[in-house]
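Engineer: For the sequence shown, position 74 (counting from the first letter as 1) is numbered 78 according to the numbering used here, and the numbering increases by one without interruption.
Where a beta carbon is used, it is the ideal one built from N, C-alpha and C, also for glycine.
Here it is, the structure in full.
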Amino acid sequence: MANNVTGLVRIVKAAGYSWQGLRAAWQHEAAFRQEAVAALVAILVACWLDVDTISRILMIGSVVLVIIVEILNSAIEAVVDRIGQEQHPLAGRAKDMGSAAVLLTILLALFVWIALLWTHLR
5 MANNVTGLVR IVKAAGYSWQ GLRAAWQHEA AFRQEAVAAL VAILVACWLD
55 VDTISRILMI GSVVLVIIVE ILNSAIEAVV DRIGQEQHPL AGRAKDMGSA
105 AVLLTILLAL FVWIALLWTH LR
């Protein structure tokens with residue numbers, strides 16, 4: 005079935021679907037809620053700190069990236085769970101890889117914050 009919606013209507017519909025995705029992540033994913041609250045605190049701290057604009061952008065961008073990757077991980081998990089609940093090596097691998105992506109993104113954010121704060125506080 006082709007979608008013939010174009011222009012501004014398509015953009016408004018896409019924004020609505022995106023909002024639905026954010027609401028679903030908040031309602032159904034505890035990890036997303038925890039990371040979103042942590043990101044909000046981190047963004048407020050980044051705005052409060054006396055750092056240059058590029059540092060602030062890197063600090064905020066790194067925590068927003070964690071949220072983005074968590075949403076993608078949750079989407080992978082939802083699709084795998086939709087396909088079936090039985091144990092399968094590929095399903096486990098997909099979920100583990102999504103989780104690994106979140107972990108690496110969190111480590112990246114920590115590295116960015118530590119490196120920038122270290123140079124700022126020296």
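Are the Cβ atoms of residue 109 and residue 45 separated by less than 9 angstroms?
Structural biologist: Within the sequence shown, residue 109 is the residue found at index 105, counting from 1. Within the sequence shown, residue 45 is the residue found at index 41, counting from 1. Cβ distance not < 9 angstroms, so residue 109 and residue 45 don't count as in contact.
Engineer: Can you check which of these residues, 59, 93, 16 and 40, is closest to residue 26 by C-alpha distance?
Structural biologist: Here residue 26 refers to the residue found at position 22 when the sequence shown is read from its first residue. The shortest C-alpha separation from residue 26 is found at 40.
Engineer: Counting pairs of Cβ atoms below 8 angstroms between the segment 28 to 42 and the segment 70 to 88, do you hit three or more?
Structural biologist: yes
Engineer: Evaluate residue 114 with the Cβ neighbour count: other Cβ atoms within 10 Å of its Cβ, from every protein chain shown; 16 or more gives buried, anything less gives exposed.
Structural biologist: Numbered from 1 along the sequence shown, position 110 holds the residue referred to as residue 114. Result: exposed.
Engineer: Residues in the same chain with beta-carbon distance under 6 angstroms from residue 64, minus the five sequence neighbours each way, listed in chain order, please.
Structural biologist: Here residue 64 corresponds to residue number 60 of the sequence shown, with the count starting at 1. Exclusion of the five residues before and after residue 64 leaves 47 and 50 as the residues of its chain whose Cβ lies within less than 6 angstroms of its Cβ.
Engineer: Mapping the DSSP letters down to three states, classify residue 84 as helix, strand or coil.
Structural biologist: Position 80 of the sequence shown, counting from 1, holds the residue named residue 84. Residue state, collapsed to three classes: helix.
Engineer: Thinking just about the alpha-carbon of each residue, which of 88, 43, 60 and 75 is nearest to the one in residue 67?
Structural biologist: If you number the sequence shown from 1, residue 67 lands on position 63. Nearest C-alpha to residue 67: 43.
Engineer: I believe residue 59 touches residue 120 by the beta-carbon criterion, under 8 angstroms. Please report the beta-carbon distance rounded to the nearest angstrom.
Structural biologist: Reading the sequence shown from its first residue, position 55 is the one you call residue 59. Reading the sequence shown from its first residue, position 116 is the one you call residue 120. Yes, they are in contact, since the Cβ atoms of residue 59 and residue 120 sit about 5 angstroms apart, within 8 angstroms.
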